[in-house]
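Asker:
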Amino acid sequence: MKLTKININKIPIIQQLAREIWEEHYIKIISQEQIDYMLELFYSDERIRSEIEEGISWEMLMDNENPVGYLVCEIAEEKLFISKIYLKAETRGKGFGKLLLNRAIELAKQNQKTSIYLNVNKENKGSIGFYEANGFHKIDEGVFDIGNGYVMDDFIFELNL
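Each residue of the sequence shown is one higher than the one before, counting from 1 in our numbering.
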């Protein structure tokens with residue numbers, strides 16, 4: 001397993017990986033229409049390119065030459081925000097999520113941050129269990145309007161370093 005930085009040439013790879021993961025994972029939680037909308041909103045060429053240019057860290061987890069997951073982290077004022085942390089279904093439960101989380105912890109420490117936070121859908125029980133097992137605790141919750149009649153109904157979790 002190897003983490004590699006995502007550059008603009010790899011945008012189509014990350015878009016395909018995101019679609020594969022989201023359609024498998026989120027179909028039990030939100031509608032296909034909302035999945036399609038959110039993929040376009042959060043994974044458009046323009047959005048990813050802009051985030052990379054702004055210095056947001058996009059990294060892909062590779063198993064040999066095969067992309068199996070990704071991590072997107074933003075350095076905020078006092079904390080590191082995990083915007084995206086995803087794995088293909090067949091790689092879950094094998095320690096790769098912990099590998100991605102450890103990379104986020106490393107980025108936070110390199111940037112002198114005192115904690116890491118993230119949003120997780122309230123119905124995403126498996127991910128909530130993973131975060132809690134790795135020391136995260138719920139600090140808040142919210143319903144966030146993302147447009148087109150859709151919302152993200154999330155818990156906000158934090159890990160103190």
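The beta-carbon is built from N, C-alpha and C at its ideal position, and this holds for glycine as well.
Bear in mind that the values here come from a model prediction, so they are computed numbers and not experimental data.
Is the segment 45-62 close to the segment 131-141, with three or more CB pairs under 8 Å?
Answerer: no
Asker: According to the neighbour-count rule (16 or more other Cβ atoms, all chains shown, within 10 Å of its Cβ), is Ser-50 buried or exposed?
Answerer: Along the sequence shown, one-based indexing puts residue 50 at 50. Classification for Ser-50: exposed.
Asker: What's the gap between the Cα of Leu-161 and the Cα of Gln-110?
Answerer: Here residue 161 refers to the residue found at position 161 when the sequence shown is read from its first residue. Here residue 110 refers to the residue found at position 110 when the sequence shown is read from its first residue. Approximately 12 Å between the Cα atoms of the pair.
Asker: From the DSSP output, in three-state form, read off Phe-96 for me.
Answerer: One-based indexing of the sequence shown puts residue 96 at position 96. Phe-96: helix per DSSP, three-state reduction.
Asker: Using DSSP with H/G/I as helix, E/B as strand and the rest coil, what is Ile-180?
Answerer: Since the displayed the chain opens at 1 and closes at 161, residue 180 lies outside it and no answer follows.
Asker: I'd like to know if the segment 36-55 and the segment 147-155 are in contact, where contact means that at least 3 CB-CB pairs between them fall below 8 Å.
Answerer: yes
Asker: If I measure Cβ to Cβ from Ile-48 and keep anything under 6 Å in the same chain, skipping five residues before and after, which residues do I get?
Answerer: As a working note, residue 48 is residue 48 in the sequence shown. Result list for Ile-48: Ile-11, in chain order.
Asker: Could you tell me whether the segment 69-83 touches the segment 114-123, where touching means 3 or more Cβ pairs closer than 8 Å?
Answerer: In this structure the segment 69-83 lies against the segment 114-123, because at least three pairs of beta carbons, one per stretch, are closer than 8 Å.
Asker: Nearest by alpha-carbon distance to Leu-159: which of Phe-144, Gly-142, Tyr-131 and Val-143 is it?
Answerer: Indexing the sequence shown from 1 puts residue 159 at position 159. Per the Cα distances, Tyr-131.
Asker: By the three-class DSSP mapping on this structure, what secondary structure does Leu-41 have?
Answerer: The sequence position of residue 41 within the sequence shown is 41, counting from 1. In the structure shown, Leu-41 adopts helical secondary structure according to DSSP, grouped into three states.
Asker: Using DSSP's beta-bridge definition, name the partner residues of Gly-147.
Answerer: Here residue 147 is taken as the residue at index 147 of the sequence shown, counted from 1. Note: Gly-147 sits in a beta bridge opposite Tyr-150.
Asker: Classify Leu-161 as helix, strand or coil using the three-state DSSP reduction.
Answerer: Start at 1 with the first residue of the sequence shown, and residue 161 comes out as number 161. In this structure, Leu-161 counts as coil in the three-state DSSP scheme.
Asker: Cβ atoms of Ile-52 and Asn-7: under 8 Å apart, would you say?
Answerer: Position 7 of the sequence shown holds residue 7. Position 52 of the sequence shown holds residue 52. A contact, by the Cβ cut-off of 8 Å.
Asker: Tell me the DSSP bridge mates of Trp-22?
Answerer: Along the sequence shown, read from residue 1 onward, the residue named residue 22 stands at position 22. The partner list for Trp-22 (beta bridge, DSSP) is empty, contrary to what the question assumes.
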